[in-house]
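Here's the structure, in structure tokens; my notes come after.
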Amino acid sequence: MTAPATLICRNVWKLFGADAERRLAALGPAPSLEALQGAGLIPAVRDANIEVRAGEIFVIMGLSGSGKSTLVRCLSRLIEPTAGEILFNGRNLLTASEAEMIDIRRHKMGMVFQHFALLPHQTVLENVAFPLAVQGVDRARREARAREMIALVGLTGRESALPRHLSGGQQQRVGIARSLAVEPELWYLDEPFSALDPLIRRELQGEFMRLQSVLKKSIVFITHDFDEAIRLADRIAIMKDGAIVQCGTPEEIVMNPATDYVREFTRAVPKAKAVRVRTVMQPGPPSDANAPTVAATATVADASPAFLAGASEVAVVDADGAPAGRLRREDVVQLLLGGGEG
Amino acid sequence: MSAADISPEDTGRRSGARWLWPLALALFVLLCLAGAAALPWAFDYPKGLRIPAQRWIGSFVKWLTNEAAIGPVRFSDVTRFIAAVIDVPYRAALSLLSTGFLRGEGSQAIQLLPPIPWPAVILLFGLVGYWVRGRATALLAMGCFLFIAIFGQWQSAMVTLASILVAVPIGVIGGLLIGIAAFRHPWLDRAMKPVLDLMQTMPVFAYLVPILILFGFGPTAAVVATLIYAMPPMTRLTTLSLRRVPSEIDDLGRMVGCTRRQMTWRVLVPAAQDALMVGVNQVIMLSLNMVIIASMIGAGGLGFDVLAALRRLDFGAGLEAGFAIVAMAVALDRLSQAAAVRQRAAPVAGPWHRRHPCIAAAALIIVAGYVAGQFLPAVRQYPEAWELSTSAFWAAAVQWLNVNFFDYFEAIKNAILLNLLVPFKRLMVGLPWAGVTAFLAFAGWRMGGWRLGLLTGALAFLIAATGQWEKAMITLYLCGISTAIAMAIGVPVGIAVATRDRLWRAVQLIIDTLQTLPSFVYLMPVVMLFRVGDFTAMIAVVAYAIVPAIRYTVLGLRGVDPRLIEAGRAMGCTPLQILFRVRLRLAAPEILLGLNQTIMFALSMLVITALVGTRDLGQEVYIALTKADPGRGLVAGLAVAFIAIITDRLINAAAARTRERLGLTTH
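Residue numbers (numbering that gives the first Met the number 0), protein chains in the order written: chain U, 0 to 341; chain X, 0 to 666.
As structure tokens, then:
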């Protein structure tokens, strides 16, 4: 069962260089990296295809220079793609007029930035209310809404502080509150936690998951951190040199890396944290009727406390609590000690 | 043409052609030594081929004033209208600060409302100081204005302040709007660059006459002249700081759906606020710098007092009026600098006067001042009995110095004149224009590509072709010697203070203050001691131009990566080796830019030293001013601007190359 796609990006290209549009067309439908560079074009995004489904966290992961930030800016049309289609709820954004884009961005989209992009001269309250002020919402209403958002991210009491008085983590909470103030349908997060210390980053990742469990937005999340991608994503697209090399659930990517490049990333990731119980479980009920239970959608790592407590089998239940199968200690050991590689 | 477009191929080609420089130099020297007989036209530009630019400009200005029209509206009507528009806020400011609001004319005038009493003005400035920074700044501002009152300069100072209060907002808003437009439209940016270059390098004297003709004699013409001089930095800083707004802030504005207008006024301009305030400070300081020159076309106030005192050689009076300008400059400089870094306080809730305590206090001060003025005449007008004057003291001091040390001063002056100034002047004047032009074109080509070569060659040729060559060479000689001396003093001073934090802070305070002095003030003490002439001019120029020499040396040396110094020390370099092999080398690009600024300062001061009887382009401009000849003044002014542009471009190209060679460029 898959939710309908909120955002579809088809064959999107972004090339830098003079007269890129015409020269890309001249090179044929799928020119290689070398052909593009030979033509003097600098490819930032090459033939990207993604689908973001309603309510899912779609992570675009890539190292610096892989084109991920350019792609997310193409998706919101902050950067004009050279070729392709971007459908938002079926509407092609690339044919929308400037006025329509302003309207869509005002009401349907929100974005969180790597370096927070808070306006330094405005208080927390004014920053959060800023998107509403731009729309012309009257002061009382926008400030009430902003206060709600500030409470949502746990910054109540800091409304009249200025950005420079806040820590990095707090500043990004303001950024998150601001991006949510207009109740966007589509939420872009461009490396939102990359500029933060590891401890704060983990704290905010948790906070982000908590918010999403309540808000259920369609999310495009950019990161260069594979662990973060695994932890947060419903699905991941991995980018290299402007192209998407693999797209799938964390589990699929960890279990079946498509290229050596992707395998390099998966090597250091504990599989137990990516693989779901349902993937390695065996059919049939456990031999011990009193065995502890675990959800089929949980990760194998979530089931490990039961094994540590001495159980050799765990009962697996589906979303409704009905028995779905059993997870054996040896299956887990098998998973952790290799097996699945390649 | 900036340094950035030096391509790597260029560098490769250059290193392969090392013999070109010696060859060009040799040819140049050969021409100088042996060419006089063979090629007389290379030394004296042929009279028949002169470009009659003076006549052209003169008749163009005449046409502009008398005939130029769009339909029934004549161009001079437009300029007079602008003058009338500027006059409205000026009258208001003047009434408020100096004359009071009057009804009727002349001696029949009835004062409806007196000007703001002087203690209230002082307290208001204190309040502004408190608002932007705190108690110390408040005390400083009040001290400066009290100083003005005590020395009996209050009336003139308020006239000056009124014109500053009008010129600065117009300059700031105008510069901001043009800068924003240039930021939005790259073609406008490209078109504005040469215009701004000319506005900044052209001596003010040169355009006083056309302004006088178009806008009429009076304070508003002075405001227009001030604007031409003070607006360019604001324009440049606006464009620059808008470009430097982080791209994420720009993305944010677009993501929340800002329209273009919202983007500019609610996102970009506020985000660039700090840098823009630096521009405001620049406008204020440059406007104050113009105060004396502006008084030549009717600005009145302190500038007029200085000028009048200079004319009747009353040094004491001139010095006091000059100090009053300095006091005002220091106060306004510190206030605007503090405003630039002012931290916005968190908003307070409560009734109106709680939320805006400063506005409430200001209203209270004004009302209390007027009420007190009703009963106490001493509040209405600063009583003469309380005034101090030091002018007798200064006159006596100068007299004493001259009586006792005249021979020494004369000896120093003559020694330097005969052994340094005169020979160098002869050398410069004897150089062939064709050789210099060709050499400059060659230097431009080698350092920055054929476009720069074309520019430097063409500008040099224009100077010769308009008949300004000899005067330009005299300008170069004075400028060159003064720059050399300023660098010879400034660089060692910079080296000495760069590593000593406390000393540097003290020196910084001194050079900051020196920079707030209007350039005329430098003339006075030198004239008192050395009379008029080239030597006096040189001393004044050196004193004025030494500031950038010190500042850029220190900036360059302090900017050297400390890890490199550590590495040098770890390799066992002696302190001297570290200085010469590491620090000075890496600071070379900044020191070159310091040289550039020193030359620019020297050139702008040179024009003013025309008042003490030099024979250079400055004098030409000044003569044209007294004869109200717009053509002559503008041509000479343009020649000065061309010299400035040539040196600026060449040195910038050299600095960029040095930086590239040192691997300091960040591409």
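Even glycine gets a Cβ: it sits at the ideal position worked out from N, Cα and C.
Best match in the options for proximity to residue i [C-alpha to C-alpha]
i: U:Ala40; options: U:Asn48, U:Ile49, U:Glu50 and U:Ala25; result: According to the sequence displayed, residue 40 of chain U carries Leu and not Ala. For the residues U:Asn48, U:Ile49, U:Glu50 and U:Ala25, the minimum Cα distance to U:Leu40 belongs to U:Ala25.
i: U:Ser311; options: U:Asn289, U:Pro119, U:Leu198 and U:Leu214; result: U:Asn289
i: X:Ile644; options: X:Leu419, X:Gly315 and X:Pro202; result: X:Pro202
i: U:Ala271; options: U:Val244, U:Val315, U:Thr258 and U:Val332; result: U:Val332
i: X:Gly215; options: X:Ala293, X:Leu126, X:Gly57 and X:Val279; result: X:Ala293
i: X:Leu48; options: X:Ile462, X:Ser155 and X:Phe146; result: X:Ile462
i: U:Gly241; options: U:Arg45, U:Phe15, U:Glu84 and U:Pro28; result: U:Arg45
i: U:Pro285; options: U:Val279, U:Leu214 and U:Val313; result: U:Val313
i: X:Ser481; options: X:Leu513, X:Ala539, X:Asp188 and X:Leu331; result: X:Ala539
i: U:Asp319; options: U:Pro282, U:Ala294 and U:Ser193; result: U:Ala294
i: U:Gln171; options: U:Glu182, U:Leu185 and U:Leu154; result: U:Leu154
i: X:Gln514; options: X:Arg499, X:Ile147, X:Ala440 and X:Val546; result: X:Val546
Between the CA atoms of residue j and residue i - distance to the nearest angstrom
i: U:Ala34; j: U:Val261; result: 24 Å
i: X:Leu111; j: X:Gly99; result: 7 Å
i: U:Arg52; j: X:Pro561; result: 52 Å
i: X:Ala483; j: X:Phe144; result: 38 Å
i: X:Tyr320; j: X:Ala308; result: This sequence places Ala at residue 320 of chain X; Tyr is not what is there. Distance between the alpha carbons of X:Ala320 and X:Ala308: 9 Å.
i: U:Val11; j: U:Asp196; result: 34 Å
i: X:Met0; j: X:Leu175; result: Confidence at X:Met0 is low in this model, with a pLDDT of 38, below 50, so its placement is unreliable and no value can be given for it.
i: X:Ala361; j: X:Trp117; result: 14 Å
i: X:His666; j: X:Arg660; result: For X:His666, the pLDDT reaches just 41, beneath the cut-off of 50, and the residue's location in the model is therefore unreliable, although a value from the coordinates is still provided. Roughly 13 Å between the two C-alpha positions.
i: X:Leu241; j: X:Gln261; result: 14 Å
i: X:Arg333; j: X:Thr136; result: 7 Å
i: U:Phe220; j: U:Met280; result: 30 Å
i: X:Thr657; j: X:Pro588; result: 6 Å
i: X:Asn280; j: X:Ala640; result: 24 Å
i: X:Ser97; j: X:Met327; result: 16 Å
i: X:Leu38; j: U:Pro42; result: 59 Å
i: U:Val127; j: X:Ile291; result: 50 Å
i: U:Val213; j: U:Glu329; result: 37 Å
i: X:Ala36; j: X:Leu30; result: 10 Å
i: X:Leu633; j: U:Val136; result: 55 Å
i: X:Phe314; j: X:Arg354; result: 50 Å
Within chain X, the residues that residue i reaches when beta carbons sit closer than 9 Å
i: U:Met254; result: Residues of chain X passing the Cβ test: none, with the nearest at roughly 36 Å.
i: U:Ile101; result: Arg253, Gly256, Cys257 and Thr258
Contact with chain X by residue i, beta-carbon distance below 8 Å
i: U:Val316; result: no
i: U:Asp18; result: no
i: U:Ser96; result: no
Proximal residues of chain U, C-beta to C-beta of residue i below 9 Å
i: X:Arg265; result: Leu118, Phe129, Ala132 and Val133
Neighbour list for residue i in chain U, Cβ cutoff strictly below 7 Å
i: X:Gly630; result: The premise fails here: X:Gly630 is roughly 45 Å from chain U at the closest Cβ pair, so nothing lies under 7 Å.
is_contact[residue i, chain U] using C-beta, thresh 8 Å
i: X:Ala338; result: no
i: X:Gly669; result: The structure shown does not extend to residue 669 of chain X, since chain X spans only 0 to 666, so no value can be given for it.
i: X:Leu251; result: yes
i: X:Gln272; result: yes
i: X:Glu247; result: yes
i: X:Pro269; result: yes
Interface residues of chain X facing residue i [CB-CB closer than 8 Å]
i: U:Asp137; result: Near U:Asp137 there are no residues of chain X at all, since even the closest Cβ is about 16 Å away, more than 8 Å.
Under 8 Å by beta carbon: chain U residues contacting residue i
i: X:Gln261; result: Val133
Distance cut-off 7 Å: residue i Cβ against heavy atoms of the ligand PLP
i: U:Thr222; result: Although the ligand PLP was asked about, the structure shown includes no ligands whatsoever.
For the stretch 105 to 120 of chain U, enumerate the residues whose C-beta is nearer than 9 Å to any C-beta of chain X, in chain order.
Under the 9 Å Cβ criterion, the stretch 105 to 120 of chain U contributes Arg105, His106, Met108, Gly109, Met110, Phe112, Gln113, His114, Phe115, Ala116, Leu117, Leu118, Pro119 and His120.
Identify each residue in the stretch 206 to 238 of chain X for which the Cβ-Cβ distance to at least one residue of chain U is less than 7 Å, and report them in chain order.
The stretch 206 to 238 of chain X vs chain U, Cβ under 7 Å: nothing.
Would you list, in chain order, the members of the stretch 210 to 232 of chain U that have their beta-carbon closer than 8 Å to a beta-carbon of chain X?
none
Listed from N- to C-terminal order along the chain, which residues in the stretch 66 to 78 of chain U have their beta-carbon within a distance smaller than 8 Å of any beta-carbon of chain X?
Arg72, Ser75 and Leu77
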